[in-house]
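The block underneath contains the structure these notes are about, expressed in structure tokens.
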Amino acid sequence: MKFVLQYGPRELDLPDGRFVIGRADGAGLTLDDPLVSRHHAAIDVAGGVATLVDLDSRNGVRVNGKKVTRERVLVPGDRIGIGSHELVFARPQAEPAAQTLVQAPTLRMTTFGLIGMLADKALALGRGDEAERLLAPQLEHLLADVERGKKHDPAQIDRACEYALKIASATGNAAWIDSVFRFYRAAGRLCPSAIVDELYAVARKVKQPNVDALRAYLAAIRERELGPADRFLVSRLEGLERSLG
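Residue numbers for the sequence shown follow this note's numbering, so the first one is 159 and each next one is one higher.
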């Protein structure tokens, strides 16, 4: 008897043996979520029976909204909650192989996924504090990774900085502006022009912005060999420094 784990339109095979879910790169399903432990949970499949096991995770595991104390036998249709993610335990659907990811040994979900959608909704409703509460753990976790030298997709860092600026604008918390400069300094990149534009707009909305992070970032960027377009962006950041100082 075969089972699969569904995440939205995706399906991942659950072969006989142990299938681990967590933040660790070696997990069968890797979830980039600070609410998820490195080895959060496992599904043990043997003799046509699948058992969900909580691997002493920090935030626990839920099935159909109820916390699993240690382990639980799964039945098709069970909804498994891990961090901010919901997975569905099911039987394989009769679909062409090209529409599934059953061959993939590891599936990595995007950092902001469901939490990003919820935060966008909160921001649209003017609930900046709620968006900050949702996104702060993910943004802080990602920033810590980047500052430790872990490589990340530049688009992911840009997205993180967009969210940081949205939160700063909605809450007036200047620390989120600082985080933008810390992100790009750690990544060794110049802020994209769209981020610079937004920095100018948001800086006017926060109280007592701190320019130390911007000055440290500019000092690091000036050590690079810059082309004309880069020098223009640096000049704009220097103008922002003067306006904030």
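C-beta: ideal position from N, C-alpha, C; glycine also.
Since the model is a prediction, treat every value here as computed from it, not as a measurement.
Reference residue i; option with closest CA among the options
i: residue 406; options: 372, 206, 274, 249; result: Residue 406 is absent from the model: the chain starts at 159 and stops at 403.
i: residue 206; options: 199, 248, 276; result: 248
i: residue 301; options: 271, 277, 289, 333; result: 333
i: residue 377; options: 344, 216, 170; result: 344
i: residue 241; options: 380, 279, 190; result: 190
i: residue 381; options: 346, 354, 203, 198; result: 346
i: residue 287; options: 303, 309, 321; result: 321
i: residue 182; options: 397, 169, 198, 165; result: 198
i: residue 317; options: 338, 283, 225; result: 338
i: residue 353; options: 386, 368, 395, 364; result: 395
Residues near residue i in its chain [Cβ-Cβ closer than 6 Å; skip 5 each side]
i: residue 311; result: none
i: residue 349; result: 342
i: residue 250; result: 160, 162
i: residue 245; result: 163, 165, 238
Per DSSP, the bridge partner or partners of residue i
i: residue 315; result: BP columns for residue 315 are empty, so no partner.
i: residue 169; result: 164
Helix, strand or coil at residue i [DSSP, three-state]
i: residue 176; result: strand
i: residue 279; result: helix
i: residue 293; result: helix
i: residue 339; result: helix
i: residue 286; result: helix
i: residue 390; result: helix
i: residue 332; result: coil
i: residue 299; result: helix
i: residue 348; result: coil
i: residue 383; result: coil
i: residue 307; result: coil
i: residue 403; result: coil
Cut-off 7 Å between Cβ atoms - residues of its own chain near residue i, not counting five sequence neighbours on either side
i: residue 356; result: 323
i: residue 360; result: 323, 326, 327, 335
i: residue 272; result: 242, 243
i: residue 125; result: Here the chain covers residues 159 to 403 and nothing more, so residue 125 does not appear.
Cβ-based neighbour list, residue i, same chain, cut-off 8 Å, excluding 5 preceding and 5 following
i: residue 292; result: 273, 276, 277, 280
i: residue 175; result: 202, 203, 204
i: residue 305; result: 340, 344
i: residue 295; result: 192, 193
i: residue 223; result: 237, 239
**OP:** Tell me the start and end of each unbroken alpha helix (DSSP H) in the region 171-255 that is at least 4 residues and wholly inside, in chain order.
**Re:** DSSP runs (the alpha helix (DSSP H)) wholly in the region 171-255: none.
Original post:
Where are the alpha helix (DSSP H) runs, 4 residues long or more, that stay fully inside the region 351-381, in chain order?
Top reply: 351-361, 370-379
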